[in-house]
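Novice:
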Amino acid sequence: MTGEGKGLDSVSIALAGSGGAGVMTAGNMLLEAAAQAGYYGLMTRSSGPQIRGGEAAAMLRVATTPCDSVDDRYQVLVAIDWGNVARFAAELPLDAASLIVGDPAHGEPPEVFLKSGARHAPVTLKDIAKKITGGWPNMVALGLLGGIIGLPYAALRAAVERSLKKGGGALAASLAAVQAGAAEAARIGSSYALAPAPARTARWLITGNQAAGYGAIRGGVRFVAAYPITPATELLEWMAPSLERVGGTLVQAEDELASINMILGASYGGVPSLTATSGPGLSLMIEALGLGVAAEIPIVVVDVMRTGPSTGIATKTEQADLNLAMYGMHGDAPHLVLAPNSVADCLRTTQWATHLAETLQVPAIVLSDQFFGQARAVLERPETVAFAGERLRAAPNAADYKRYALTESGVSPMAIPGTAGITYTADGLEHAERGTPSSLASDHLAQLEKRARKLASIDYGEDWADLEGEGELAVITWGSCTGAVREAFSRARSDGITGRLLSLRLLSPAQPEKLRRALAGVTRALVIEQSFGGQFLRYLRGEYDLDCELTSFRKPGPLPARPDEIHRRILDWSRA
Amino acid sequence: MNAPAPAAGLKPQLFKSDVKPVWCPGCGDYTVLSSVTKALAALEVRPENVAVVSGIGCSSRIPAYTTCYGFHGVHGRALAAATGLKVARPDLTVLAMGGDGDGYSIGGNHFLHACRRNVDLTYIVMDNRVYGMTKGQPSPTTEPDWDSKLAPHGTGLREFHPLVIALASGANFIARATSSDPNGTADLIAQAVRHPGFSFVEVLSPCVTFRPEQRNWKEMVHPAPVAPTDDAARAARRLMTDDGFNIGVLYAGHRKPYRPEMGRPAAEVAELETEFIL
Amino acid sequence: MTAKKKPARKTKRATPARKTAVRAVKRAAKPARAPSAAYADFMVQAYAMENDARDRYTEFAEQMDMHNNPDVARLFRKLARIEGLHAETIVREMGWSKPPARTEAWMWRHSEAPESAAPGDLHYLMQPYQALELALESERRAVSFFSGMTHSTAPVEVKRIAREMAAEEREHVRLIREWLKKFPKPERGWDQDPDPPQQSD
Ligand SMILES: Cc1ncc(C[n+]2csc(CCOP(=O)(O)OP(=O)(O)O)c2C)c(N)n1
Ligand code: SF4
Ligand SMILES: [Mg+2]
Numbered sequence: 001m002t003g004e005g006k007g008l009d010s011v012s013i014a015l016a017g018s019g020g021a022g023v024m025t026a027g028n029m030l031l032e033a034a035a036q037a038g039y040y041g042l043m044t045r046s047s048g049p050q051i052r053g054g055e056a057a058a059m060l061r062v063a064t065t066p067c068d069s070v071d072d073r074y075q076v077l078v079a080i081d082w083g084n085v086a087r088f089a090a091e092l093p094l095d096a097a098s099l100i101v102g103d104p105a106h107g108e109p110p111e112v113f114l115k116s117g118a119r120h121a122p123v124t125l126k127d128i129a130k131k132i133t134g135g136w137p138n139m140v141a142l143g144l145l146g147g148i149i150g151l152p153y154a155a156l157r158a159a160v161e162r163s164l165k166k167g168g169g170a171l172a173a174s175l176a177a178v179q180a181g182a183a184e185a186a187r188i189g190s191s192y193a194l195a196p197a198p199a200r201t202a203r204w205l206i207t208g209n210q211a212a213g214y215g216a217i218r219g220g221v222r223f224v225a226a227y228p229i230t231p232a233t234e235l236l237e238w239m240a241p242s243l244e245r246v247g248g249t250l251v252q253a254e255d256e257l258a259s260i261n262m263i264l265g266a267s268y269g270g271v272p273s274l275t276a277t278s279g280p281g282l283s284l285m286i287e288a289l290g291l292g293v294a295a296e297i298p299i300v301v302v303d304v305m306r307t308g309p310s311t312g313i314a315t316k317t318e319q320a321d322l323n324l325a326m327y328g329m330h331g332d333a334p335h336l337v338l339a340p341n342s343v344a345d346c347l348r349t350t351q352w353a354t355h356l357a358e359t360l361q362v363p364a365i366v367l368s369d370q371f372f373g374q375a376r377a378v379l380e381r382p383e384t385v386a387f388a389g390e391r392l393r394a395a396p397n398a399a400d401y402k403r404y405a406l407t408e409s410g411v412s413p414m415a416i417p418g419t420a421g422i423t424y425t426a427d428g429l430e431h432a433e434r435g436t437p438s439s440l441a442s443d444h445l446a447q448l449e450k451r452a453r454k455l456a457s458i459d460y461g462e463d464w465a466d467l468e469g470e471g472e473l474a475v476i477t478w479g480s481c482t483g484a485v486r487e488a489f490s491r492a493r494s495d496g497i498t499g500r501l502l503s504l505r506l507l508s509p510a511q512p513e514k515l516r517r518a519l520a521g522v523t524r525a526l527v528i529e530q531s532f533g534g535q536f537l538r539y540l541r542g543e544y545d546l547d548c549e550l551t552s553f554r555k556p557g558p559l560p561a562r563p564d565e566i567h568r569r570i571l572d573w574s575r576a
Numbered sequence: 001m002n003a004p005a006p007a008a009g010l011k012p013q014l015f016k017s018d019v020k021p022v023w024c025p026g027c028g029d030y031t032v033l034s035s036v037t038k039a040l041a042a043l044e045v046r047p048e049n050v051a052v053v054s055g056i057g058c059s060s061r062i063p064a065y066t067t068c069y070g071f072h073g074v075h076g077r078a079l080a081a082a083t084g085l086k087v088a089r090p091d092l093t094v095l096a097m098g099g100d101g102d103g104y105s106i107g108g109n110h111f112l113h114a115c116r117r118n119v120d121l122t123y124i125v126m127d128n129r130v131y132g133m134t135k136g137q138p139s140p141t142t143e144p145d146w147d148s149k150l151a152p153h154g155t156g157l158r159e160f161h162p163l164v165i166a167l168a169s170g171a172n173f174i175a176r177a178t179s180s181d182p183n184g185t186a187d188l189i190a191q192a193v194r195h196p197g198f199s200f201v202e203v204l205s206p207c208v209t210f211r212p213e214q215r216n217w218k219e220m221v222h223p224a225p226v227a228p229t230d231d232a233a234r235a236a237r238r239l240m241t242d243d244g245f246n247i248g249v250l251y252a253g254h255r256k257p258y259r260p261e262m263g264r265p266a267a268e269v270a271e272l273e274t275e276f277i278l
Numbered sequence: 001m002t003a004k005k006k007p008a009r010k011t012k013r014a015t016p017a018r019k020t021a022v023r024a025v026k027r028a029a030k031p032a033r034a035p036s037a038a039y040a041d042f043m044v045q046a047y048a049m050e051n052d053a054r055d056r057y058t059e060f061a062e063q064m065d066m067h068n069n070p071d072v073a074r075l076f077r078k079l080a081r082i083e084g085l086h087a088e089t090i091v092r093e094m095g096w097s098k099p100p101a102r103t104e105a106w107m108w109r110h111s112e113a114p115e116s117a118a119p120g121d122l123h124y125l126m127q128p129y130q131a132l133e134l135a136l137e138s139e140r141r142a143v144s145f146f147s148g149m150t151h152s153t154a155p156v157e158v159k160r161i162a163r164e165m166a167a168e169e170r171e172h173v174r175l176i177r178e179w180l181k182k183f184p185k186p187e188r189g190w191d192q193d194p195d196p197p198q199q200s201d
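Have a look at this one:
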């Protein structure tokens with residue numbers, strides 16, 4: 001990572017402490033300051049189970065290039081206190097090159113951290129803060145960290161000012177604390193300064209949840225009904241006021257059965273609609289998703305996956321809802337499943353999902369996850385794409401209107417309530433073309449074919465997957481693993497390994513022809529995913545005829561995928 | 001989307017589709033269907049501006065028998081779908097309809113919250129105190145000693161009291177109707193639709209196949225002896241002591257309906273980006 | 001599977017006796033002057049009543065079609081036609097260019113239009129005899145409705161026409177009684193079905 005002499009291209013830092021210490025606030029400010037200074041960044045967080053007062057850690061990666069993954073090690077760990085911070089040891093890997101800063105007032109750092117061989121430099125954060133009227137240790141830590149990674153004071157000041165808009169005494173005290181912290185950084189001396197920031201471009205600071213919400217609104221969603229669940233709640237919290245501004249609304253439903261049925265009702269009424277949830281909620285929605293398929297009502301369901309089964313680990317990430325999303329429904333129920341593969345892509349993929357759902361009159365499930373959803377990223381301003389929901393609507397008084405007409409594409413014009421002369425009943429019962437219930441074998445077959453045909457009727461273009469590189473080896477992955485895999489693979493390339501990286505975005509309908517072309521000439525492929533049982537591997541085996549040899553590398557949650565272990569795995573596998 | 005202009009002079013027949021009901025002859029649901037068509041004619045709405053939303057059950061088959069926009073969803077979720085539709089499309093007249101099993105058992109939670117949310121829609125339950133469609137199992141409103149294959153000695157459970165629960169949960173209009181009086185039921189439905197907020201009409205609608213004794217309901221019903229009240233406490237007392245056969249409007253309140261603003265954007269979509277821009 | 005013919009239902013075909021063919025009954029000419037408001041109101045109501053009765057029988061016929069009971073379906077259709085003729089007679093007599101718009105006229109609060117047959121009494125295995133019994137009940141209700149009017153405080157011209165209509169309905173009662181004689185009374189157990197009900201959803 002070290003660009004000789006000119007500083008680091010990427011640095012990872014963690015700020016930990018007990019409730020009340022304000023580590024999240026300071027972490028957010030640090031990310032903003034880094035962004036102000038022209039760097040890219042990614043912040044994730046971890047916390048204990050307590051509602052208030054629990055230990056927490058803000059984990060940041062700041063870099064000269066966009067980062068879609070956490071790094072292997074943390075260069076710096078600063079703890080305002082050590083109360084139960086040791087629980088984060090697995091999430092905060094350190095090594096001999098790392099620096100631990102603790103406040104001697106709170107004792108020695110826990111052994112789990114010290115045994116990494118990291119250097120320990122005590123800083124009396126609390127005492128320093130005390131000397132400033134209204135000063136807080138977290139602001140001292142902010143200045144300290146800013147100093148350690150070489151952020152200019154102006155950037156730190158701008159970030160503090162932005163979040164303490166009130167100004168006045170609190171602002172002055174915070175800035176004084178930041179300066180005092182920066183002075184400590186100079187005192188302890190360190191070699192974690194970043195390389196100069198790249199040229200400034202248009203950047204955003206956004207979470208994956210916000211990005212998905214914004215993508216949905218861009219795609220035309222104006223009605224949301226949902227029931228709160230970690231880690232999807234922030235998506236809803238962002239959407240509620242945002243929808244209001246653009247003429248939409250969000251209804252908090254009594255449960256997920258209600259939310260999915262509410263959005264089916266709203267979309268039946270002609271308004272593009274969405275709900276967001278996590279695994280337990282998606283499980284409750286499955287029956288109604290089948291109704292959406294049968295009655296051909298477009299909806300978007302964002303599943304921000306967390307560690308399962310059951311309540312699992314609600315605040316942690318995993319990619320194990322794939323089976324449910326793909327195969328959960330009863331009957332033959334073709335539908336869309338898409339997965340973003342970066343925080344920025346949460347926007348694009350959710351917008352695309354909305355567009356596809358509306359175009360094909362079918363439910364779309366978007367598999368985001370906790371890692372994306374709750375990560376805040378500084379990224380290149382995403383390009384504005386033209387995907388917008390466009391539903392084929394029936395004209396008033398159309399002669400002999402048949403809602404479920406067997407068209408060539410399988411998509412038939414939808415009558416929107418309020419339109420005269422073409423009323424019909426949307427039905428989950430198998431139906432004839434008019435929508436009237438039918439149990440005839442011929443109608444069942446015709447409608448099954450129609451619903452399957454729709455999904456095969458359009459060209460999904462290049463967006464179905466991201467393909468990089470060439471060679472006889474391939475690494476196949478999806479979702480939030482992609483960032484770590486990409487980083488690992490680029491290291492493997494420097495080790496002289498050539499191969500392709502394929503990250504699938506459109507999971508259903510499967511694209512066998514496109515996959516065949518993408519993997520033409522590949523003899524061996526390594527399948528990387530974050531599930532215990534290998535759901536993605538089985539998906540690939542089930543949906544595609546792959547003539548290369550498949551090897552699986554999988555790990556369940558709750559820890560995010562890290563490049564180093566993937567890198568090692570790729571090396572072993574490619575040399576085997 | 002503004003409210004559509006009134007359409008005078010429409011015949012009830014116009015609201016009846018050419019799909020023939022699968023209901024047993026004698027089933028109360030037939031008359032509920034004709035009451036609905038009469039009420040809609042009297043309300044001077046056009047079929048395309050009305051949506052009939054239902055769940056699953058014999059009674060829930062009703063949407064396709066009308067010429068309105070219909071939504072025949074999944075079991076128990078009619079109120080949720082109707083809520084989404086009405087919030088998204090406040091210009092429509094929305095009727096949610098279905099059975100006692102659909103509304104009080106599998107959909108019980110939605111019933112509570114629909115009353116509480118008070119969206120301007122009308123919920124019509126065709127209560128036959130049985131699961132008709134699945135061949136005669138006890139529902140939440142079935143008498144404790146009614147025996148059936150699944151509960152050979154009766155359920156032994158006290159009946160659910162939908163009207164009291166609706167009142168306690170915040171419904172804005174509560175009426176009981178009987179399928180033996182299609183015109184009276186039509187009138188009650190029309191009043192329910194006109195009343196702002198969530199209106200609940202429980203219709204005694206016999207299942208002649210699994211509860212043939214309910215044919216006698218027509219002798220047992222009687223007009224409620226007192227005028228409707230807007231006093232919830234008084235209504236509660238009346239409902240708690242009522243014999244289950246009082247027909248009429250039993251409560252009409254003044255709660256403000258839930259109606260979030262839709263379709264009036266104050267900002268362009270791209271303006272939402274400003275909070276992300278560095 | 002061999003295509004077995006469905007056994008024909010044992011009931012006789014419901015061909016109504018010739019006498020029941022409906023003639024538009026000649027009533028005393030309407031008042032020379034324009035009809036009074038009360039008279040016109042009454043006729044609107046009478047028209048609605050006949051119409052409701054016709055719609056009801058039509059519905060019954062459709063239910064019987066759906067449930068494979070063609071004899072009773074035919075009979076209900078016939079009854080519907082009769083009520084329809086009555087309605088048309090009223091339109092003609094009143095000289096209406098088109099039937100009056102039904103405002104609230106159908107709203108007999110807390111009661112049915114007197115001549116409408118009760119829907120709850122239908123059964124898919126019912127026989128023509130029972131259908132006629134149903135019709136007989138309706139006609140009787142119509143008789144008492146109209147004769148009730150003659151004792152009311154209504155204006156004389158209304159009472160007079162009500163009396164005529166009551167007589168007409170009484171005639172129907174007599175005809176249906178005749179008609180009933182043509183059909184056997186259902187035997188005990190007429191509603192037995194060896195198979196259990198179906199379930200679908
Ligand atoms: C999720 C689900 N569970 C069970 C059923 C089977 N089911 C269909 S209708 C019904 C009960 C209907 O009873 P009610 O709502 O009272 O309607 P009725 O037939 O009496 O009009 C049941 C249990 C179903 N369709 N879906
Ligand atoms: S089973 Fe009962 S509820 Fe269902 S149609 Fe027949 S009579 Fe009606
Ligand atoms: Mg029921």
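Chains as they are written, first to last, in the working numbering: chain A, 1 to 576; chain B, 1 to 278; chain C, 1 to 201. Where a beta carbon is used, it is the ideal one built from N, C-alpha and C, also for glycine. Keep in mind that this is a model prediction, so the values were computed, not measured.
Is the shortest distance between the beta-carbon of residue 107 of chain C and the beta-carbons of chain B less than 9 Å?
Specialist: If you number the third sequence from 1, residue 107 of chain C lands on position 107. Note that residue 107 of chain C has pLDDT 49, beneath the 50 cutoff, so the model's placement of it is unreliable and the number below is only indicative. Among the residues facing chain B, residue 107 of chain C is included, as its CB has a counterpart in that chain under 9 Å away.
Novice: Verify the CB distance criterion: does residue 120 of chain C have a CB-CB separation below 9 Å to chain B?
Specialist: Residue mapping note: residue 120 of chain C aligns to position 120 of the third sequence, counting from 1. Taking Cβ atoms only, chain B reaches closer than 9 Å to residue 120 of chain C, which makes this a yes.
Novice: Taking the continuous beta strand (DSSP E) assigned at residue 277 of chain A, which residues delimit it?
Specialist: Counted from its first residue, the first sequence places residue 277 of chain A at position 277. 273-277 is the span of the beta strand (DSSP E), which, as asked, contains residue 277 of chain A.
Novice: Quick one: what's got a C-beta closer than 6 Å to residue 371 of chain A's C-beta in the same chain, skipping five residues either side?
Specialist: For this step, residue 371 of chain A is matched to residue 371 along the first sequence. Same-chain partners within the cutoff: 317, 480 and 560.
Novice: Locate the beta strand (DSSP E) running through residue 468 of chain A, then write down its first and last residues.
Specialist: As a first step, residue 468 of chain A is located in the first sequence; it is residue number 468 there, counting from the start. Segment 465-468, the beta strand (DSSP E) holding residue 468 of chain A.
Novice: Expressed to the nearest angstrom, what Euclidean distance is found between the alpha-carbon atoms of residue 258 of chain A and residue 31 of chain B?
Specialist: The residue you call residue 258 of chain A lines up with position 258 of the first sequence. The residue you call residue 31 of chain B lines up with position 31 of the second sequence. So the two alpha carbons sit approximately 30 Å from each other.
Novice: Taking a cut of 8 Å between CB atoms, which residues from the region 231-244 of chain A lie near chain B?
Specialist: So the list reads 242 and 244, given in the order they occur along the chain.
Novice: Less than 7 Å between C-beta atoms, sequence neighbours within five positions excluded: which residues of the same chain meet that for residue 21 of chain C?
Specialist: Mapped onto the third sequence, residue 21 of chain C falls at position 21. For residue 21 of chain C, the predicted structure reports a pLDDT of 42, less than 50, and the residue's modelled location is therefore unreliable. A value from the coordinates is still provided. There are no such residues.
Novice: Between residue 67 of chain B and residue 176 of chain B, what straight-line distance do the alpha-carbon atoms span, to the nearest angstrom?
Specialist: Here residue 67 of chain B corresponds to residue number 67 of the second sequence, with the count starting at 1. Here residue 176 of chain B corresponds to residue number 176 of the second sequence, with the count starting at 1. Whole-angstrom Cα-Cα distance: 25 Å.
Novice: Is residue 200 of chain B near ligand 2, in the sense that its beta carbon is under 8 Å from a heavy atom of that ligand?
Specialist: Residue numbering aside, residue 200 of chain B sits at position 200 when the second sequence is read from its first letter. The answer is no for residue 200 of chain B.
Novice: Taking just the CA atoms, how far does residue 273 of chain A sit from residue 294 of chain A?
Specialist: Numbered from 1 along the first sequence, position 294 holds the residue referred to as residue 294 of chain A. Numbered from 1 along the first sequence, position 273 holds the residue referred to as residue 273 of chain A. About 17 Å.
Novice: Measuring alpha carbon to alpha carbon, tell me which residue in A:470, A:299, A:278 and A:144 is nearest residue 209 of chain A.
Specialist: Position 209 of the first sequence holds residue 209 of chain A. When only C-alpha atoms are compared, the closest one is A:278.
Novice: Classify residue 197 of chain C as buried or exposed, calling it buried when 16 or more other Cβ atoms lie within 10 Å of its own Cβ.
Specialist: If you number the third sequence from 1, residue 197 of chain C lands on position 197. So residue 197 of chain C counts as exposed.
Novice: Using three-state DSSP, classify residue 202 of chain B as helix, strand or coil.
Specialist: For the purposes of this step, residue 202 of chain B is identified with residue 202 of the second sequence, where counting begins at 1. Here residue 202 of chain B sits in strand by DSSP.
Novice: Report the neighbours of residue 262 of chain B on chain A: residues whose CB is nearer than 9 Å to its CB, in chain order.
Specialist: Looking up residue 262 of chain B in the second sequence gives position 262. Ordered by position in chain A, the residues that pass the 9 Å Cβ test against residue 262 of chain B are 222, 223, 247, 248, 249 and 271.
Novice: Taking the DSSP output, what are the residues bridged to residue 248 of chain B?
Specialist: Within the second sequence, the letter at position 248 stands for residue 248 of chain B. Answer is B:176.
Novice: Cα-Cα, which of B:71, B:57 and B:24 is closest to residue 63 of chain B?
Specialist: Within the second sequence, numbered from 1, the residue matching residue 63 of chain B stands at position 63. Checking every option, the nearest Cα to that of residue 63 of chain B belongs to B:71.
Novice: Between the Cα of residue 248 of chain B and the Cα atoms of B:170, B:179, B:83 and B:59, which residue gives the shortest distance?
Specialist: Residue mapping note: residue 248 of chain B aligns to position 248 of the second sequence, counting from 1. Closest option to residue 248 of chain B, Cα to Cα, is B:179.
Novice: For a test of your reading of the model: does the CB of residue 127 of chain B fall under 8 Å from any non-hydrogen atom of ligand 3? Yes or no.
Specialist: Counting from 1 along the second sequence, the entry for residue 127 of chain B is found at position 127. Under cutoff, so the answer is yes.
Novice: What are the start and end residues of the alpha helix (DSSP H) that includes residue 73 of chain A?
Specialist: Taking the first sequence and counting its residues from 1, one reaches residue 73 of chain A at position 73. Neither: residue 73 of chain A is in no alpha helix (DSSP H) and is coded neither H nor E.
Novice: So, does the CB of residue 148 of chain A fall closer than 9 Å to a CB anywhere in chain B?
Specialist: Counting from 1 along the first sequence, the entry for residue 148 of chain A is found at position 148. So no, residue 148 of chain A is outside the interface.
Novice: So, is residue 506 of chain A buried or exposed, given that buried needs 16 or more other C-beta atoms within 10 angstroms?
Specialist: Taking the first sequence and counting its residues from 1, one reaches residue 506 of chain A at position 506. The residue in question, residue 506 of chain A, is buried, as its Cβ has 16 or more Cβ neighbours within 10 Å.
Novice: Going by other Cβ atoms of all chains shown within 10 Å of its Cβ, with 16 needed for buried, is residue 277 of chain B buried or exposed?
Specialist: What you label residue 277 of chain B is simply residue 277 of the second sequence in a count that begins at 1. Classification for residue 277 of chain B: exposed.
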